[in-house]
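Q:
Protein chains: 2
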Amino acid sequence: MATVGLRERKKEKTRQALIRSASRQFAKKGFEGVTVEDIAGACDVSPRTFFRYFGSKEDVLFADADAQRAHLMDVLAAQAPDVPPIRALRAAVLEVAADYESQREAILLRHRIVMATPSLTSRVAERHHCWESAVIAELRRSGRGAGMPELTLRLSVAATTTALRVATELWVEGDGEGDLRALLASALDTLRTGLDG
Amino acid sequence: MATVGLRERKKEKTRQALIRSASRQFAKKGFEGVTVEDIAGACDVSPRTFFRYFGSKEDVLFADADAQRAHLMDVLAAQAPDVPPIRALRAAVLEVAADYESQREAILLRHRIVMATPSLTSRVAERHHCWESAVIAELRRSGRGAGMPELTLRLSVAATTTALRVATELWVEGDGEGDLRALLASALDTLRTGLDG
DNA sequence: GTGACGAGTGGCAGAGCCTGACAGATTGCA
DNA sequence: TGCAATCTGTCAGGCTCTGCCACTCGTCAC
Numbered sequence: 233m234a235t236v237g238l239r240e241r242k243k244e245k246t247r248q249a250l251i252r253s254a255s256r257q258f259a260k261k262g263f264e265g266v267t268v269e270d271i272a273g274a275c276d277v278s279p280r281t282f283f284r285y286f287g288s289k290e291d292v293l294f295a296d297a298d299a300q301r302a303h304l305m306d307v308l309a310a311q312a313p314d315v316p317p318i319r320a321l322r323a324a325v326l327e328v329a330a331d332y333e334s335q336r337e338a339i340l341l342r343h344r345i346v347m348a349t350p351s352l353t354s355r356v357a358e359r360h361h362c363w364e365s366a367v368i369a370e371l372r373r374s375g376r377g378a379g380m381p382e383l384t385l386r387l388s389v390a391a392t393t394t395a396l397r398v399a400t401e402l403w404v405e406g407d408g409e410g411d412l413r414a415l416l417a418s419a420l421d422t423l424r425t426g427l428d429g
Numbered sequence: 233m234a235t236v237g238l239r240e241r242k243k244e245k246t247r248q249a250l251i252r253s254a255s256r257q258f259a260k261k262g263f264e265g266v267t268v269e270d271i272a273g274a275c276d277v278s279p280r281t282f283f284r285y286f287g288s289k290e291d292v293l294f295a296d297a298d299a300q301r302a303h304l305m306d307v308l309a310a311q312a313p314d315v316p317p318i319r320a321l322r323a324a325v326l327e328v329a330a331d332y333e334s335q336r337e338a339i340l341l342r343h344r345i346v347m348a349t350p351s352l353t354s355r356v357a358e359r360h361h362c363w364e365s366a367v368i369a370e371l372r373r374s375g376r377g378a379g380m381p382e383l384t385l386r387l388s389v390a391a392t393t394t395a396l397r398v399a400t401e402l403w404v405e406g407d408g409e410g411d412l413r414a415l416l417a418s419a420l421d422t423l424r425t426g427l428d429g
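Residue numbers (our numbering), protein chains in the order written: chain A, 233 to 429; chain D, 233 to 429.
(1) So which of A259/A, S334/A, V277/A and S418/A has the shortest CA-CA distance to K242/A?
(2) What's the gap between the Cα of A369/A and the Cα of V307/A?
(3) So, under 8 Å CB-CB, T349/D and G262/D are touching, yes? Tell me the CB distance rounded to an integer number of Å.
(4) Buried or exposed, going by whether 16 or more other CB atoms sit within 10 Å of the CB of V346/D?
(5) At which residues does the alpha helix (DSSP H) containing E290/A begin and terminate?
(6) When DSSP labels each residue in this structure, what does Q248/A get in the three-state scheme?
(7) Name the residue from S418/D, L250/D, E244/D and G406/D whose alpha carbon lies nearest to the alpha carbon of E337/D.
(8) For D428/D, decide whether its Cβ has a neighbour in chain A, counting only Cβ atoms nearer than 9 Å.
(9) Considering only C-alpha positions, which residue in the set T422/D, D411/D and T384/D is nearest to T422/A?
(10) Taking the beta carbon of E358/D as the centre, do at least 16 other beta carbons fall within 10 Å, making it buried, or is it exposed?
(11) Determine the extent of the alpha helix (DSSP H) in which C362/A is found, giving its start and end residues.
(12) At which residues does the alpha helix (DSSP H) containing C427/D begin and terminate?
(13) Say whether chain D places a C-beta atom closer than 9 Å to the C-beta of M233/A.
(14) Count the other CB atoms within 10 Å of the CB of L238/D; is the residue buried (16 or more) or exposed (fewer)?
(15) Give me the Cα-Cα distance between G375/A and A366/A, rounded to the nearest whole angstrom.
(16) If contact means a Cβ-Cβ distance below 7 Å, which residues of the segment 348-370 of chain D contact chain A?
(17) Could you give the distance in angstroms between the alpha-carbon of K289/A and the alpha-carbon of V325/A?
(18) Give the single residue among A259/A, A274/A and P316/A whose Cα lies nearest to the Cα of L293/A.
(19) Nearest-angstrom Cα distance between S388/A and L412/A?
(20) Beta-carbon of I345/A versus every beta-carbon of chain D: anything under 9 Å?
(21) Check S278/D in the structure and name its three-state DSSP category.
(22) Roughly how far, in whole angstroms, is the beta-carbon of E264/D from the beta-carbon of P279/D, given that I think they are within contact range, below 8 Å?
(23) I need the DSSP call for E405/D, collapsed to helix, strand or coil.
(24) With DSSP run on the structure shown, which of helix, strand or coil describes A378/A?
(25) When you compare only the Cα positions, how much space is there between Q257/A and M380/A?
(26) Between which two residues does the alpha helix (DSSP H) holding P317/D run?
(27) Rounded to a whole number of angstroms, what is the C-alpha to C-alpha distance between M233/A and R397/D?
(28) Per DSSP, what kind of secondary structure is A309/A in: helix, strand or coil?
(29) Within 9 Å (strictly less), CB to CB, does I318/A reach chain D?
(30) Where A320/A and V315/D are concerned, what is the direct C-alpha to C-alpha distance, given to the nearest angstrom?
(31) Against S418/A, what residues of chain D qualify as contacts under a CB-to-CB distance less than 7 Å, listed in chain order?
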């Protein structure tokens, strides 16, 4: 049996406690109105320990980013080898959109915090940019992007992740009431058909 | 005649000195290897004064961003009213590309600094994201985007600025030897025609 | 020319983020 | 129980950035 030791369970518990503590306080007092000391203090942990779990105060807000990125990459890698790159990527981002919808509250909360804090908006952009690089690397690794010129490959990936971002923004602005996957699918179709005007 | 007083001339001089001092030292010792004290000290100015010119250490690296954004917006606003939004935007980003080419050395230097400093990559992304909002606002203001659904409008703008980013990245990776405008034009054509595969 | 006004500056103090180093506590295992 | 690895707290310190106050120096009116 895969017993995880007490140590690891404790660690995961602290990690989750820090994330919850941070989210709660950010929502109440704004990102800049909360110090690392506040976050750590609410968990009976020293600020130094906080930084052993998260590289920065911003990181705790995007703690699940790695998991989402991993999911994206998994779905991408799981596509049949003969599926063309853009179609494979389409499936992957639609999967991420489904993730977002299933974590609706958390995503909405985070986006509200981000919107209210100019210095954070760049972080979201960075995340998507980071995904971009990873996706390109994966497409290259799997040989899927072999026949495409460099510019086309990069542009396709960048445009697709951009579609995910734009669709998500609209969805969030509508308080997550709309159908994110439908929105994203529509955006992807637009990209496939071509922008006119 | 528009004589600018000694005071203002001095101010502009300090500003330029700070920018040059920063660029030079960043190039030599890396962004994080240089402190604000270093930058200011090299100009015989106190750190406190540095922050009166630039909101942050990062800002000094993107000092010309405002001018470029203004140029982009000017070209956009100067398009004939009957030019459709995407075509107007195309003209504007091509103009920015021309700017980049004319400031080749400075752009290349900056991108190298950014590439070498993970924490800065988000800033570039943020800049483009910021342009996006401004462009959308302008298109809305001029009534150019009137007939388009929200999603299409935003996606078109986002995809176009993304094309600028991707083309610029490729251009920089090739040490600015290629033809940035041609690269961008090709990317824009791809977006217009539609992504296939 | 002289003096008043205001913009620009420097220095100081301080909050907050983040890191390295060391010592103590806790867990896992023999 | 005792050892080794891991996790934590404390301390010291550097850096970014801000508010505050006094000072200097252009600018402008008289």
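Glycine is no exception: its CB is placed at the ideal position from the N, C-alpha and C atoms.
A: The answer reads as follows:
(1) Within the first sequence, residue 242/A is the residue found at index 10, counting from 1. Among A259/A, S334/A, V277/A and S418/A, the Cα nearest to that of K242/A is on V277/A.
(2) Position 137 of the first sequence holds residue 369/A. Position 75 of the first sequence holds residue 307/A. A369/A and V307/A: Cα-Cα distance of roughly 14 Å.
(3) For the purposes of this step, residue 349/D is taken as residue 117 along the second sequence, with counting starting at 1. For the purposes of this step, residue 262/D is taken as residue 30 along the second sequence, with counting starting at 1. Between G262/D and T349/D the Cβ distance is about 7 Å, and since that is below 8 Å, they are a contact.
(4) Locating residue 346/D in the second sequence gives position 114, where the first residue counts as 1. Answer is buried; the Cβ neighbour count reaches 16.
(5) Taking the first residue of the first sequence as 1, we reach residue 290/A at position 58. No alpha helix (DSSP H) holds E290/A; DSSP gives it neither H nor E.
(6) In the first sequence, the residue the question calls residue 248/A occupies position 16. Here Q248/A sits in helix by DSSP.
(7) In the second sequence, residue 337/D corresponds to position 105, counting from 1. Nearest of S418/D, L250/D, E244/D and G406/D to E337/D, Cα basis: G406/D.
(8) Locating residue 428/D in the second sequence gives position 196, counting from the first residue. So yes, D428/D belongs to the interface.
(9) In the first sequence, counting from the first residue as 1, residue 422/A sits at position 190. Comparing Cα positions, the closest option is T384/D.
(10) Residue numbering aside, residue 358/D sits at position 126 when the second sequence is read from its first letter. By the 10 Å Cβ count, E358/D comes out buried.
(11) Mapped onto the first sequence, residue 362/A falls at position 130. Segment P350 to R373, the alpha helix (DSSP H) holding C362/A.
(12) Within the second sequence, numbered from 1, the residue matching residue 427/D stands at position 195. One point to set straight first is that residue 427/D is Leu, not Cys, in the sequence displayed. First-last for L427/D: undefined, no H or E at that position.
(13) Here residue 233/A refers to the residue found at position 1 of the first sequence. Annotation note: pLDDT 35 at M233/A (below 50); position unreliable, coordinate value reported separately. No - not a single Cβ of chain D is within 9 Å of the one on M233/A.
(14) By 1-based counting over the second sequence, the position of residue 238/D is 6. Its Cβ having fewer than 16 others within 10 Å, L238/D is exposed.
(15) For the purposes of this step, residue 375/A is taken as residue 143 along the first sequence, with counting starting at 1. For the purposes of this step, residue 366/A is taken as residue 134 along the first sequence, with counting starting at 1. Whole-angstrom Cα-Cα distance: 14 Å.
(16) T353, S354, R355, A357, E358 and H361
(17) Reading the first sequence from its first residue, position 57 is the one you call residue 289/A. Reading the first sequence from its first residue, position 93 is the one you call residue 325/A. Cα to Cα, K289/A sits roughly 27 Å from V325/A.
(18) Here residue 293/A corresponds to residue number 61 of the first sequence, with the count starting at 1. Considering only alpha carbons, the answer is A259/A.
(19) Here the question's residue 388/A lines up with position 156 in the first sequence. Here the question's residue 412/A lines up with position 180 in the first sequence. S388/A and L412/A: Cα-Cα distance of roughly 21 Å.
(20) Residue numbering aside, residue 345/A sits at position 113 when the first sequence is read from its first letter. Not closer than 9 Å to any Cβ of chain D, the Cβ of I345/A fails to qualify, so no.
(21) For the purposes of this step, residue 278/D is taken as residue 46 along the second sequence, with counting starting at 1. Looking at S278/D - three-state DSSP - the assignment turns out to be coil, as it is neither helix nor strand.
(22) Numbered from 1 along the second sequence, position 32 holds the residue referred to as residue 264/D. Numbered from 1 along the second sequence, position 47 holds the residue referred to as residue 279/D. Rounded, the Cβ-Cβ distance is 16 Å, inconsistent with contact.
(23) The residue you call residue 405/D lines up with position 173 of the second sequence. E405/D falls in the helix class under three-state DSSP.
(24) On the first sequence, position 146 is the one that residue 378/A refers to. Residue state, collapsed to three classes: coil.
(25) Within the first sequence, numbered from 1, the residue matching residue 257/A stands at position 25. Within the first sequence, numbered from 1, the residue matching residue 380/A stands at position 148. Spanning the two alpha carbons is a distance of roughly 47 Å.
(26) If you number the second sequence from 1, residue 317/D lands on position 85. Taken as a continuous stretch (DSSP letters only), the alpha helix (DSSP H) holding P317/D covers P317 to S334.
(27) Here residue 233/A is taken as the residue at index 1 of the first sequence, counted from 1. Here residue 397/D is taken as the residue at index 165 of the second sequence, counted from 1. With a pLDDT of only 35 at M233/A, under 50, the local geometry of the prediction cannot be trusted, and no value is derived from it.
(28) Along the first sequence, one-based indexing puts residue 309/A at 77. Of the three classes helix, strand and coil, the one that applies to A309/A here is helix, per DSSP.
(29) Counted from its first residue, the first sequence places residue 318/A at position 86. Yes, because at least one Cβ of chain D sits closer than 9 Å to the Cβ of I318/A.
(30) Within the first sequence, residue 320/A is the residue found at index 88, counting from 1. Within the second sequence, residue 315/D is the residue found at index 83, counting from 1. Computed Cα separation, rounded: 36 Å.
(31) Numbered from 1 along the first sequence, position 186 holds the residue referred to as residue 418/A. In chain order: L383.
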